[in-house]
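Since the structure comes first, as structure tokens, the remarks are kept for the end.
Protein chains: 2
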Amino acid sequence: MEGSEKNIKILKGNIIYTETSDLFNIVKNGYIVVQENYIVGVYDKLPEKFKNINIENYEDKLIIPGLIDLHTHASQFAIKGIGYDKELLPWLNTYTFVEEAKFKNISYATKIYKEFVDELYNEGTTRAVIFATIHTEATEILMNLLDEKGIVAYVGKVNMDRNCPDTLMENSDESIKNTLNWIQNCSKKYKFVKPIITPRFVPSCTSYLMNELGNIAINDTIPVQSHISENLSEIQWVKELHPECKNYGDVYDKFNLFGQTKTIMAHCVHLTEEEINKIKKNKVLIAHCPTSNVNLSSGIAPISKLLRKEVLIGLGSDIAGGECLSMLSVMASAIRMSKLRKVCFKEDEKSLTLKEVFYLATKGGGKFFGNVGSFEKGYEFDALVIDDDNLWKDNKGSIEERIERLVYLGNQKNIISRYICGREI
Amino acid sequence: MEGSEKNIKILKGNIIYTETSDLFNIVKNGYIVVQENYIVGVYDKLPEKFKNINIENYEDKLIIPGLIDLHTHASQFAIKGIGYDKELLPWLNTYTFVEEAKFKNISYATKIYKEFVDELYNEGTTRAVIFATIHTEATEILMNLLDEKGIVAYVGKVNMDRNCPDTLMENSDESIKNTLNWIQNCSKKYKFVKPIITPRFVPSCTSYLMNELGNIAINDTIPVQSHISENLSEIQWVKELHPECKNYGDVYDKFNLFGQTKTIMAHCVHLTEEEINKIKKNKVLIAHCPTSNVNLSSGIAPISKLLRKEVLIGLGSDIAGGECLSMLSVMASAIRMSKLRKVCFKEDEKSLTLKEVFYLATKGGGKFFGNVGSFEKGYEFDALVIDDDNLWKDNKGSIEERIERLVYLGNQKNIISRYICGREI
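Heads up: the protein sequence lines correspond to chains B and S, in order.
Once you know that position 272 of the first sequence is 272 in our numbering, the rest is easy, because the numbers rise by one and skip nothing.
In our numbering, each number is its position in the second sequence, counted from 1, plus 425.
Structure follows, in structure tokens:
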């Protein structure tokens with residue numbers, strides 16, 4: 001017997017995960033053995049040495065890795081589903097900045113962040129990388145709520161010191177000082193939640209600010225998140241703001257915000273080949289946000305091509321460019337957008353398959369957190385148990401068909417148990 | 426006082442409809458007066474003559490026209506949300522034909538059709554144009570169920586006499602005979618439901634069969650529905666099957682199935698200019714099925730362009746190419762697809778606006794049924810009452826924003842009352 005029995009947990013059910021993006025690992029009526037936080041193994045027949053341990057028998061249910069949201073704005077939760085007649089820049093000015101300014105008010109922030117965290121939990125998102133606002137006090141409230149809930153998250157106090165309304169404009173030095181204080185205050189405070197350096201995007205941050213944020217990231221080994229190459233007008237704007245840089249990515253790279261520490265870049269719709277190569281070289285993780293990219297008419301990121309180039313990619317709900325926190329819905333959206341990219345451009349481009357988007361929503365995004373998002377040996381045990389009985393009126397299909405229908409027609413009500421870091425929450 | 430009081434119904438609430446596709450008609454806290462089945466008027470202040478009539482006060486709720494589904498396959502209800510890795514023709518062979526063959530079995534047909542009709546009701550679809558299967562007995566069961574529910578529908582017994590599996594292949598003369606008997610049997614049997622001539626699509630029907638179906642349509646003044654120009658392989662196949670015809674539309678036109686009686690053609694993704702002109706001239710109504718068109722990688726129909734050409738258009742859920750009967754979801758899908766068409770093709774193409782898709786889902790599709798889908802004077806009164814309280818955590822937005830959020834985030838639970846032909850069902 002490995003370890004003491006009381007640290008071992010065994011779940012039984014139909015187990016599905018993806019070691020690679022081109023294959024489902026499926027064990028029907030199989031067993032997952034977990035010791036402490038970590039997977040010991042997945043078995044179709046339970047090894048003799050575990051025979052005396054109690055089994056959580058989920059019978060015909062599906063057991064999948066927890067879903068990972070690599071990019072979302074908790075502070076935009078109250079404005080989802082409106083304003084989608086606008087593209088990115090007017091949408092930011094008309095809706096987003098007005099809403100984010102409200103987070104100076106702690107009681108408003110508490111109310112909205114509580115709703116956000118509850119919904120994140122309900123939708124089965126086990127780990128997330130999140131934008132808050134410039135307000136450090138409200139940002140810590142969000143971090144508290146996530147930690148209490150047991151959701152693993154990186155949360156960013158946003159930095160902005162140019163091209164934004166007065167209500168959100170920071171003095172550059174204060175922005176840096178507040179960021180340092182905030183990091184010091186919250187770095188070791190939480191069990192599940194960590195800070196992430198969050199320059200909003202190039203147009204909102206002066207070179208001075210970006211430079212200092214890059215220094216903080218490197219000095220304190222703090223990861224970084226931002227937006228890149230979402231919309232053509234935004235890209236043109238960045239070009240005008242930084243004629244000294246070769247491209248959008250080059251601006252972040254110059255300031256050590258492009259993979260010098262662990263980095264997520266959201267959107268990546270219109271990257272140049274040079275930017276793609278740099279992203280791959282620097283191991284920047286792309287957060288693909290298909291729903292947001294269509295809602296704000298940004299375009300369709302070439303994810304299938306990027307996958308074949310072995311760039312790191314996960315999925316993001318991008319609330320409130322996306323209207324919905326459900327990563328199942330984002331998976332369906334990713335498939336749909338890739339089909340339209342193929343149909344419209346008739347390039348040597350492939351549609352994303354079900355297994356590819358499943359991989360992106362689990363192991364792909366999980367890489368930002370370490371060995372996360374799969375049921376391979378040694379991975380942290382995050383899982384969802386799915387009851388899909390209501391989706392099948394007659395006999396159920398194959399396991400792969402059950403996953404497909406879950407992605408297209410399932411919702412939070414199909415999730416009956418959530419495990420994060422080995423613990424049921 | 427016009428008419429007797431007991432034939433007049435008054436509803437109060439926030440009233441939204443579209444007389445044209447470029448404008449919302451909105452009356453906040455307004456009154457709809459209905460006499461028998463028909464709208465007398467919409468008022469912001471109730472005229473004196475109606476003062477003694479009881480008011481159904483829906484307070485801050487939204488009152489919108491009933492939603493119209495111009496194209497859906499009741500017989501594919503059990504296979505929604507699977508098989509979307511395939512394009513149209515392999516999808517038909519692998520999933521659809523296998524499923525439709527099951528409708529020879531009356532108990533299976535009854536079970537699935539009952540679930541379909543319940544869901545149609547739940548989703549707030551007040552009128553629909555529906556494909557059944559080749560089986561007349563099962564088709565009549567579907568018609569019975571719809572009529573009992575009070576949903577207005579055209580239902581088609583499908584005709585197929587070539588290029589399909591034996592289980593669905595009809596002998597041409599029997600197909601014609603069965604169709605004639607079926608029409609005779611059901612033409613006057615129902616209050617809300619009528620038959621519609623339904624050649625599946627050109628590849629499934631011989632010229633002989635199409636010719637006879639066109640004759641029946643004209644002789645008995647029966648409307649027609651079919652598919653056209655959904656997928657490039659399908660179009661190529663039709664070209665090979667009918668080298669004597671100029672294009673796909675020309676095949677139907679030759680056999681009097683293209684507007685000679687009231688006609689719906691579903692999809693219209695890749696129409697030629699010549700076909701578009703013929704569709705306009707013949708007043709064929711296009712059923713735009715955006716969700717299905719992306720799920721089966723068919724493409725994006727140029728709906729904004731067609732709208733500006735003043736072609737008649739409505740929306741279709743196209744279960745099971747589409748995975749969902751909700752016309753709210755189809756409306757969101759139509760907006761999304763149009764944005765991607767604009768982004769990808771960078772043509773002189775506009776995205777569809779919220780008011781345009783609202784128009785398509787109500788008055789646009791309603792035209793197939795007469796004066797339906799609007800709250801203009803003399804229109805038949807079909808309406809949904811919407812409680813969107815759960816969609817707004819803080820203060821509600823404008824009426825237009827409430828409609829937008831309903832389309833993106835609402836579902837059947839937001840529909841609290843349904844009226845069809847002046848009657849609450």
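Glycine included, C-beta positions come from ideal geometry on N, C-alpha and C.
In chain order, what residues of the same chain have a beta carbon less than 6 Å from the beta carbon of Tyr17 (chain B), not counting five sequence neighbours either side?
Here the set comprises Asn25, Pro65, Ser374 and Phe375.
Can you pull the chain B neighbours of Leu753 (chain S), defined as C-beta to C-beta under 9 Å?
Those do not exist, as Leu753 (chain S) stays about 11 Å from chain B at its closest Cβ, beyond 9 Å.
Can you name the start and end residues of the alpha helix (DSSP H) that Asp494 (chain S) belongs to?
Not the alpha helix (DSSP H): Asp494 (chain S) falls in the beta strand (DSSP E), residues Leu492 to His498.
Apart from the five residues just before and just after Arg625 (chain S), which ones in its own chain have a Cβ nearer than 6 Å to its Cβ?
Val583 and Met585.
If the cut-off is 9 Å on Cβ atoms, which residues from the segment 727 to 752 of chain S count as contacting chain B, listed in chain order?
So the close ones are Glu748 and Cys749.
What is the DSSP secondary structure of Ala138 (chain B), counted as helix, strand or coil?
Here Ala138 (chain B) sits in helix by DSSP.
So Leu142 (chain B) packs on Tyr113 (chain B), CB below 8 Å; how close in whole Å?
Confirmed, about 4 Å.
How many Å lie between Met327 (chain B) and Val294 (chain B) at the Cα?
Roughly 16 Å between the two C-alpha positions.
Buried or exposed for Gly3 (chain B), going by 16 or more other Cβ atoms inside 10 Å?
Confidence at Gly3 (chain B) is low in this model, with a pLDDT of 46, below 50, so the placement of that residue should be treated as unreliable; the coordinate-derived value is given next. With fewer than 16 Cβ atoms within 10 Å of its Cβ, Gly3 (chain B) is classed as exposed.
Grab me the residues of Leu391 (chain B)'s own chain with a C-beta within less than 8 Å of its C-beta, minus the 5 sequence neighbours each way, in chain order.
Hits under 8 Å: Arg402, Arg405, Leu406, Leu409, Gly410 and Asn414.
For Thr353 (chain B), return the contacting residues in chain S, with the cut-off set at a CB-CB distance below 7 Å.
Residues of chain S passing the Cβ test: Asp510.
Leaving out five residues on either side along the sequence, give the residues of the same chain with a beta carbon under 6 Å from the beta carbon of Leu46 (chain B).
The residues are Tyr31.
Against chain S, which members of the segment 393 to 409 of chain B pass a CB distance test of less than 7 Å?
Answer in chain order: Lys393, Asp394, Gly397, Glu401, Glu404, Arg405, Tyr408 and Leu409.
Chain B partners of Glu781 (chain S), CB-CB under 8 Å?
Ordered by position in chain B, no residue passes the 8 Å Cβ test against Glu781 (chain S), which lies about 11 Å from the chain.
Whole angstroms is fine: what's the gap from Cys769 (chain S)'s alpha carbon to Gly81 (chain B)'s?
Straight-line Cα distance between these residues: approximately 23 Å.
Should the segment 50 to 61 of chain B be called in touch with the segment 787 to 794 of chain S, which here means at least 3 C-beta pairs below 8 Å?
With a cut-off of 8 Å, the segment 787 to 794 of chain S and the segment 50 to 61 of chain B do not count as touching, because too few Cβ pairs lie within range.
Between the alpha carbons of Tyr579 (chain S) and Ile760 (chain S), how many angstroms are there, rounded?
If you take the alpha carbons of Tyr579 (chain S) and Ile760 (chain S), they lie about 26 Å apart.
Which partner residues of Val580 (chain S) appear in the DSSP bridge assignment?
Its beta-bridge partners are S:Ile555 and S:Pro620.
From Lys346 (chain B) to Glu659 (chain S), what does the alpha carbon distance come to, in whole angstroms?
Roughly 17 Å between the two C-alpha positions.
For chain S, check one thing: does any of its Cβ atoms lie closer than 8 Å to the Cβ of Lys80 (chain B)?
Yes, contact with chain S.
Between the Cα of Ile704 (chain S) and those of S:Asp675, S:Phe528, S:Gly747 and S:Gly639, spot the shortest distance and give me the residue it belongs to.
Out of S:Asp675, S:Phe528, S:Gly747 and S:Gly639, S:Asp675 has the C-alpha closest to the C-alpha of Ile704 (chain S).
Anything in chain S within Cβ reach of Ser297 (chain B), meaning under 9 Å, just list it in chain order.
The answer, in chain order, is Lys764, Leu765, Lys767, Val768 and Ser776.
Is the shortest distance between the beta-carbon of Arg761 (chain S) and the beta-carbons of chain B less than 8 Å?
Yes, Arg761 (chain S) lies at the interface with chain B (some Cβ there is under 8 Å from its Cβ).
Measure how close the beta-carbons of Ile385 (chain B) and Ile63 (chain B) come, nearest whole angstrom, since I'm counting them as under 8 Å.
Here residue 385 (chain B) turns out to be Val, not Ile, going by the sequence shown. At roughly 6 Å, the Cβ-Cβ gap stays under 8 Å, so Val385 (chain B) and Ile63 (chain B) are in contact.
Just to make sure I have the definition right: I need the residues of chain B whose C-beta is within less than 7 Å of the C-beta of Val719 (chain S). Which are they?
Within chain B, the residues near Val719 (chain S) are Arg336, Lys339 and Leu340.
Report yes if the CB atom of Glu356 (chain B) is closer than 8 Å to the CB atom of Cys421 (chain B), and no otherwise.
No, the pair does not count as a contact, with Cβ atoms beyond the cut-off.
Rounding to the nearest angstrom, what Cα-Cα distance links Val98 (chain B) and Ser758 (chain S) in this structure?
Whole-angstrom Cα-Cα distance: 27 Å.
Please list, in chain order, all residues of the same chain as Tyr633 (chain S) whose beta carbon is under 7 Å from its beta carbon, the five residues on each side excluded.
If we look at Tyr633 (chain S) and ignore the five residues flanking it on each side, its Cβ neighbours are Ser597.
Is DSSP giving Glu380 (chain B) helix, strand or coil here?
Reduced to three states, the DSSP call for Glu380 (chain B) is strand.
Are Ser629 (chain S) and Arg587 (chain S) closer than 8 Å when you measure CB to CB?
In contact: Ser629 (chain S) and Arg587 (chain S) (Cβ atoms closer than 8 Å).
So is Ile8 (chain B) buried or exposed if we call it buried at 16+ other beta carbons inside 10 Å?
Its Cβ being crowded by 16 or more others within 10 Å, Ile8 (chain B) is buried.
Report buried or exposed for Asp60 (chain B), applying the criterion of at least 16 other Cβ atoms within 10 angstroms of its Cβ.
Classification of Asp60 (chain B): exposed, given that the 10 Å Cβ count is below 16.
Looking at chain S, which residues of the segment 115 to 130 of chain B have a Cβ within less than 8 Å of any of its Cβ atoms?
Going along the segment 115 to 130 of chain B in chain order, one finds Glu115 with a Cβ nearer than 8 Å to chain S.
Between S:Glu825, S:Ile464 and S:Glu512, which has its C-alpha nearest Leu657 (chain S)'s C-alpha?
Among S:Glu825, S:Ile464 and S:Glu512, the Cα nearest to that of Leu657 (chain S) belongs to S:Glu512.
Do we get a CB-CB distance below 8 Å when we pair Ile55 (chain B) with the residues of chain S?
Taking Cβ atoms only, chain S never reaches closer than 8 Å to Ile55 (chain B), which makes this a no.
In whole angstroms, what separates the C-alpha of Ser21 (chain B) from that of Thr261 (chain B)?
Approximately 25 Å between the Cα atoms of the pair.
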